[in-house]
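Scroll down for the structure; my scribbles are underneath it.
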Amino acid sequence: MEFLLQQIASGLTSGAIYACVALGLVMIYVSTDHINFAQGEMAMFATYIAWALIQAGIPYWIAFGLTILIAFTGGLLIQRFILKPLEHAPVLALVVCFIALLSIFNAIAGMLWSYTVKQFPSPFPIGDPTGHGLISYHQIGVVAVTAIMLGVLTIFFRFTTLGLAMRAAAQNPASARLMGVRVSWMLALGWGLAAAIGSVAGMMVAPIVFLDPNMMTGILIYGFAGALVGGIGNPGGAVVGGFVVGVLENLVGTYLIGNELKLTFALIIVVGVLILKPAGLFGRVNVKRV
Amino acid sequence: MAAITNSWATRRGIGALAILFWLAMAALPLLGKIYPSESFDYYMFMGQSMMVYAIAVLGLNLLTGFNGQISLGHGAFFALGAYVTAILMNDGNWPYWTTLPVVAIVCFGAGFLFGFPALKLESHYLALATFTLAIAVPQILKHKAIAGWTGGVAGLVLEKPDAPFGLPLSPDQWLFYFCLIVAMVLFWAAFNMLRGRSGRAMMAIRDHGMAAGTMGIDTSLYKTITFGISALYTGLAGALSAITVAYVAPDSFALPLSIAFLVGLVVGGISSLSGCLIGGIFLVLVQNWSQSLSDWMKSTFDLRYDVPSWAIYGVLLLLLMYVMPTGVAGGCGRLYRFITQRRAR
């Protein structure tokens, strides 16, 4: 029983991280209909920036804030300079573009910081509050940080004019433009937010999986799975999906198939959801006009 | 009328060029007889790899370029072909060339079956599903349930075949001819398939699936069969790679391999047959020259770091999407038309 609870707790922790990655994917998906294959590598790169800042002697939480700002600006610039010229390009061109970004970020991280695995500090104390190894402070911290970020995002989208404008631009670009919303800039903001959310996910997961240029590949796949389970057009759904996938992954890995096939399990979730229920748990079914 | 004769003449010209190209390739190993050199076998190996990559890119091109189904996971079919060959040679003691028909059947079957779920997935969803496939493959290959056949993490070491009938060729020269023959047959088959009814149907589905359906094309059947044929081509490329490298290991079939095929496709030219050859040659050249290229960039631009080949790939992909979305082959075609039209005026 204790062991089961422990597995669920650690599942919730990885779930929080998948939820962040899934949320970043959904941010870009709702505004542009694109699936960003570079989301994981962007997060990894931001985490390296945080690592470099901390190595330079900056206190953790200031480095944390700075990294989010840098990631936000980076995401914004990527949309402005790299993706904007391809706004009306066919899907294949965009997929190629995302794969290009993925390779560039991975290669540059390896070039600047080498492929050796690095330790990344956790801001939370070591040990566990329950006293018998049920859950660690870092795991609680990860879930708390995710919850705070979700709260901030909800407030931003519900109660600010900018958030409203972004939702309008995503839902109906033509009408939004007529109402004076600068749609193209809203897309750039969406990219900035996605990069910022990704950077938080990276900084939270790095103390667990350690920092190296390929650390996000597996996590990205689970992020995809989470986003699809929740419905890829629905931010709240993506978060729920991320947690569901995190817990399922841990339980299935421990009791059914063993750790060696965890990525295959993600593959099965992705293909299964896409075939059986493409709209996910909370997504809307897309009706296409011919 | 002028346009028709012109295109007819062009087609004859391209056919002649193709024959010249293959003849020149066939003459290459003979150079080793005239100018014997220590590293000649290595150049032969490079040539084999170029043809292996060209066939793999052709497989991807049939699916993505001509049929419009995006795949980021063709490394999986390449791995399947390589492992089928390796296991048959290793456990069954089959001669290397007898494994190819088996690989063709197995990979066609696997691709055909994967084509069914793919039917339900549109453009970027298919890319997503195949992307996860590419990432999951090494883990599956390493799994202990099949480690008895696959050799687990260590992989399998094979024997390089000698030239048959006592031909005076080194193993690498002979394998060059072997790859050349397979590549010629596969390119010829693809050429014939694409210029006929089935090829037009494939492209019609790419350009507008629904319209193609109303014209009486069985879109589901064509899409799944195209997936099967595409996997067959890439699987055969994998089999050839297992034979020429004489070694298979799970980690060589990870995501970078699938991305490499995509790079070859985009650089050579989407929906172009000659582009596949250009893509294959390009991939091998970059792999071989990446170190010297990196050193050159370091000294020329005064950089402090090594420039990894993946950064070069990435930047090149981005640039091509902006300036030459149809790749080198498409770019050359456009240039040629531009010049001939100027002359006609």
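These protein sequences, in sequence, are chains D and U. The numbers in the first sequence follow the numbering used here, run straight up by one, and end at 290. The numbers in the second sequence follow the numbering used here, run straight up by one, and end at 1345. From the three backbone atoms N, C-alpha and C, an ideal C-beta is built for every residue, glycine too. Small disclaimer: the values here were computed from a predicted structure and weren't measured.
The Cβ atoms of residue 1263 of chain U and residue 1277 of chain U do not sit closer than 8 Å to each other.
Uninterrupted alpha helix (DSSP H) stretches at least 4 residues long and entirely within the segment 127–183 of chain D occur at 137–159, 161–171, 173–178, given in chain order. Proximity of the segment 49–62 of chain D to the segment 226–234 of chain D falls short of the contact definition, fewer than three beta-carbon pairs being nearer than 8 Å. Within the same chain, Cβ atoms closer than 8 Å to the Cβ of residue 1179 of chain U are found at 1047, 1048, 1051, 1052, 1240, 1244, the five residues on either side in sequence being excluded. Within chain D, the residues whose beta carbon sits less than 7 Å from that of residue 1125 of chain U are 274, listed in sequence order. Rounded to whole angstroms, the gap between the alpha carbons of residue 49 of chain D and residue 141 of chain D is 21 Å. Along the segment 1140–1168 of chain U, the positions whose C-beta sits under 8 Å from a C-beta of chain D are 1140, 1142, 1143, 1144, read in chain order. Scanning chain U for C-beta atoms nearer than 8 Å to the C-beta of residue 34 of chain D yields 1124, reported in chain order. The beta-bridge partner set that DSSP reports for residue 211 of chain D consists of D/118. Residues of the segment 1110–1124 of chain U whose Cβ lies closer than 8 Å to any Cβ of chain D, in chain order: 1117, 1120, 1121, 1123, 1124. Residues of chain U with a Cβ closer than 7 Å to the Cβ of residue 20 of chain D do not exist, since the nearest Cβ in that chain sits about 18 Å away. Inter-residue distance for residue 234 of chain D and residue 22 of chain D is about 10 Å (C-alpha atoms, whole angstroms). Contact residues of the segment 1291–1317 of chain U toward chain D are 1305, 1306, 1307, 1308, 1309, 1310, 1311, 1312, 1313, 1314, 1315, 1316, 1317 (C-beta to C-beta distance below 9 Å).
Taking a C-beta distance under 8 Å as the contact criterion, residue 1328 of chain U and residue 1268 of chain U qualify as a contact pair. With respect to chain D, the C-beta atom of residue 1205 of chain U has no partner C-beta closer than 8 Å.
Considering only D/159, D/160, D/186, the residue with the shortest C-alpha distance to residue 171 of chain D is D/186. In this structure residue 1190 of chain U is in contact with residue 1058 of chain U, their Cβ atoms being roughly 6 Å apart against a cut-off of 8 Å. Between residue 260 of chain D and chain U, the shortest Cβ-Cβ separation is below 8 Å.
Look at residue 273 of chain D here: in three-state DSSP terms it is helix.
CA-CA distance, residue 166 of chain D to residue 157 of chain D, rounds to 8 Å. Residue state for residue 1322 of chain U is assigned as helix, using DSSP reduced to three classes. Comparing alpha carbon positions, the residue from U/1029, U/1015, U/1188, U/1195 closest to residue 1169 of chain U is U/1029. For the C-beta of residue 1132 of chain U, the chain D residues within less than 7 Å are, from N- to C-terminus, 221, 224, 266, 267, 270. Interface annotation, residue 85 of chain D: in contact with chain U, CB-CB separation under 8 Å. The C-beta separation of residue 111 of chain D from residue 1307 of chain U comes to about 7 Å, placing the pair in contact by the 8 Å criterion. Residues of chain D whose Cβ lies closer than 9 Å to the Cβ of residue 1135 of chain U are, in chain order, 217, 218, 220, 221, 263, 266, 267. Look at residue 1259 of chain U: its C-beta is under 8 Å from a C-beta on chain D. Under DSSP, residue 1156 of chain U takes part in a beta bridge, and its partners are U/1248. Of the candidates D/33, D/154, D/225, the residue whose Cα lies closest to the Cα of residue 248 of chain D is D/225. Secondary structure at residue 49 of chain D: helix, using DSSP grouped into helix, strand and coil. The Cβ-Cβ distance between residue 134 of chain D and residue 6 of chain D falls below 8 Å. When the beta-carbon positions are compared, residue 38 of chain D and residue 98 of chain D come within less than 8 Å of each other. Distance from the CA atom of residue 1116 of chain U to the CA atom of residue 1342 of chain U, rounded to whole angstroms, is 48 Å. At a cut-off of 8 Å between beta carbons, residue 37 of chain D contacts chain U. Closer than 8 Å to the CB of residue 46 of chain D there is not a single CB belonging to chain U. Here residue 1069 of chain U carries a coil assignment [DSSP, helix/strand/coil].
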